[in-house]
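This report concerns only the one structure given below.
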Amino acid sequence: MSTDIPHRELTHRVAGFVADAITPIAAAMARGHGPSPKRIVESAGEAGLAGLLTPEAFGGAGGNHGDFIQFIETVARADASSAVILDVHLSVGTEPLLVFGNDDQKSRYLRRLASGEWLAAFALTEAAGGSDAVALRTRAAREGETYVLDGAKAFITGAGDADLYIVMARTGDGAHGVSAFLVEAAWPGVSTGPPLAKMGLHGSWTGELVLDGVRVPAANRLGDEGFGFTVAMSALDSGRVGISAQAVGIAQGALDAAVEPSRRRRDAGSEVDADAIADMEARTAAARQLTRYAAALVDAGRRVTHDAAIAKLYSTDTCVAVAQSAVDLCAPESGAEDHPAAVRFRDAKACQIYEGTNQIQRVVIARHLLRD
Ligand SMILES: Cc1cc2nc3c(=O)[nH]c(=O)nc-3n(C[C@H](O)[C@H](O)[C@H](O)COP(=O)(O)OP(=O)(O)OC[C@H]3O[C@@H](n4cnc5c(N)ncnc54)[C@H](O)[C@@H]3O)c2cc1C
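So in our numbering, spot 227 of the sequence shown is number 896, and the numbers just go up one at a time.
So, in C-alpha cells, the structure goes:
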C-alpha cells in the first residue's frame, strides 16, 4: 500500500501532535487522570491523524503502515496509554472496515472514525475464550434482516467510551461459525462495565462489553456470514505490527529515562552499567527494524502472520526487558510511582498479553516452521 503523505510532512505532523497534545498529558494519563480515550482520538483527528490509514476519499490521511508505525512509536515514547488507544482505533478498530467493509458500511462509518468524532473498538475476547478465540460464546441469531446478539466480551480497550465496536459472534459451529458485526454503542441492549484497575496503561480504558438482545441490521455484518474468524485474524495480523511499534516506543521512552541519570552518575564518579545501556539500545534498534520489516510486508500486500508474530514477540519482550533495566539503572528514584522508568515498566507488561499473548506468538512462529 503506497502512502499519500510525504515522509517529512508526516514526521512534522506527528512530532507536533505529540509535543502539543500528548507530552503535556502524559503524567496525568499514567495516573489515570488524563483525558478520556475519546478525547485522545478527537485531538488526533484535529491533527489529521485519526484516520491515518483511511483513504482521503473517506476523510482520512491516506497513509500506509510505515506511516502508522512511525506514529504509534512516537506517541508511545511519550505515553503508552495514548498509543494503545490510537493503535486500537486505527488498527483493529478501523482496518477491518477498510479491508472487509462494503461501500455502504464505509460511507456510513469511515468519515466519523477518520475525523476522530467516533472512537472504534475491537471485541473478540470473552471470559471463556481469549487465546482460543474459536471458543467464543456470544451468539448472533438471525431473525429476517436482523441479527440478535447476546453475550459478553472481556478486556475490551475503549469499552465505555467507544462509539463503534467490531464484535465477533457465533452464527454457527466452529471457526466457520463466527461472523463479524459493526455494533453502535448507542443501540438498545449495549452496555459496558467500569474500566478495570490495571497494573499499567492507566489512561487507557479496558472493560467489559455486554450485549443483551442487541438487534443488529444484517447490513452491519462485516463480510460474509461465517467469515468473522478471518476478519479477526486478518485484523490481528496487522494489529500486532502496531503493538510492536507501541513496544518499541515504550522501550525508547525507558531508554530516554535512563540515559541522562546514568550520565550524571558517571560524571559524579560513580560506576554505571554501560553494558546494560548498550543492550537496551541494541535491542530497541533490532525491535524497530523487525517492526519496519513487518509493516513493509503489509504495505506490499504480503501475508504477514509469521513476521508480525516475530515482531510482536521480540518487540514486546524487549520493551519489558528494557523498562526493567531502566528501573535498575535509575534506582533508587525509580522506585517512585511516577518515575518515567517505573511508568514504562508497568505499561510494558500488557504488550506481551494483548492481541495474542507471546506464548501464542511462539505457537504461530513454530507452526509456520513445522508445517508439512
Ligand atoms: C490491557 C488489555 C487490553 C485488551 N484489549 C482487548 C481488546 O481491545 N479486544 C479484545 O478482544 N481483547 C483484548 N484484550 C484481551 C487479550 O487479547 C487477551 O487477554 C489475550 O488474548 C489472552 O487471552 P485470555 O486472557 O483469555 O488468556 P488465556 O487464553 O486464558 O491464556 C492464559 C494463559 O495461558 C497461555 N496459553 C493459552 N493457550 C496456550 C497455548 N496454546 N500454548 C501456550 N500457552 C497458552 C496464555 O499465553 C496465557 O499465558 C486485552 C487484554 C489486556 C490485558
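No residue lacks a Cβ here, since even glycine has one placed at the ideal position from N, Cα and C.
Distance, Cα to Cα, residue i vs residue j?
i: Arg890; j: Ser848; result: 7 Å
i: Ala690; j: Gly858; result: 35 Å
i: Ala828; j: Gly813; result: 29 Å
i: Gly703; j: Leu1039; result: 46 Å
i: Arg1036; j: Asp881; result: 38 Å
i: Asp944; j: Ile835; result: 45 Å
i: Thr680; j: Asp976; result: 25 Å
i: Thr875; j: Pro864; result: 5 Å
i: Ala866; j: Gly897; result: 30 Å
i: Ala927; j: Ala995; result: 5 Å
i: Ala789; j: Lys707; result: 9 Å
i: Ala730; j: Arg933; result: 43 Å
i: Thr723; j: Leu782; result: 9 Å
i: Ala823; j: Leu833; result: 16 Å
i: Arg700; j: Ala749; result: 12 Å
i: Asp819; j: Met868; result: 30 Å
i: Tyr778; j: His734; result: 21 Å
i: Gln993; j: Ala1019; result: 14 Å
i: Ala697; j: Phe1014; result: 17 Å
i: Thr899; j: Ile754; result: 23 Å
i: Thr815; j: Gly872; result: 36 Å
i: Asp906; j: Val761; result: 9 Å
So the beta strand (DSSP E) residue i belongs to, where does it begin and stop?
i: Ala945; result: Unbroken run through Ala945 is the alpha helix (DSSP H), Ala943 to Asp968; no beta strand (DSSP E).
i: Phe791; result: Ala789 to Ala792
i: Gly882; result: Thr875 to Pro886
i: Arg808; result: Arg808 to Glu812
What distance in whole Å lies between the Cβ atoms of residue j and residue i, which are believed to be in contact at a cut-off of 8 Å?
i: Gln1030; j: Lys981; result: 5 Å
i: Val757; j: Thr826; result: 5 Å
i: Arg808; j: Ala838; result: 6 Å
i: Ala963; j: Val910; result: 5 Å
Please list the terminal residues of the continuous alpha helix (DSSP H) segment that includes residue i.
i: Arg777; result: Asp772 to Ala783
i: Glu715; result: Pro706 to Glu715
i: Thr743; result: His734 to Ala747
i: Val991; result: Thr974 to Leu998
i: Ile918; result: According to the sequence shown, residue 918 is Gly rather than Ile. Run containing Gly918: Gly897 to Asp936, per the alpha helix (DSSP H) assignment.
i: Phe686; result: His676 to Phe686
i: Gln1028; result: Asn1027 to Leu1039
i: Pro1009; result: Pro1009 to Cys1020
i: Val768; result: Glu764 to Phe769
i: Arg971; result: It is not in any alpha helix (DSSP H) - Arg971 carries neither H nor E in the DSSP assignment.
i: Ala699; result: Ala695 to Arg700
| query | Can you list the alpha helix (DSSP H) stretches of 4 or more residues lying completely in the region 819 to 872, in chain order? | reply | Listed in chain order, there is nothing to give.
| Counting Cβ pairs closer than 8 Å, one from the region 706 to 714 and one from the region 739 to 755, do we hit at least three? | Between the region 706 to 714 and the region 739 to 755 there are three or more C-beta pairs closer than 8 Å, enough to call the two in contact.
| request: Specify whether the region 754 to 773 and the region 891 to 900 touch according to this definition: at least 3 beta carbon pairs, one from each stretch, less than 8 Å apart. | output: The answer is yes - the region 891 to 900 touches the region 754 to 773, with three or more Cβ pairs under 8 Å.
| said: Check whether the region 954 to 963 and the region 980 to 994 touch, using three or more Cβ-Cβ pairs below 8 Å as the test. | reply: Between the region 954 to 963 and the region 980 to 994 there are three or more inter-stretch CB-CB distances shorter than 8 Å, so the stretches are counted as touching.
| message | I'd like to know if the region 773 to 780 and the region 798 to 807 are in contact, where contact means that at least 3 CB-CB pairs between them fall below 8 Å. | response | Because the criterion of three Cβ pairs below 8 Å is not met, the region 773 to 780 and the region 798 to 807 do not touch.
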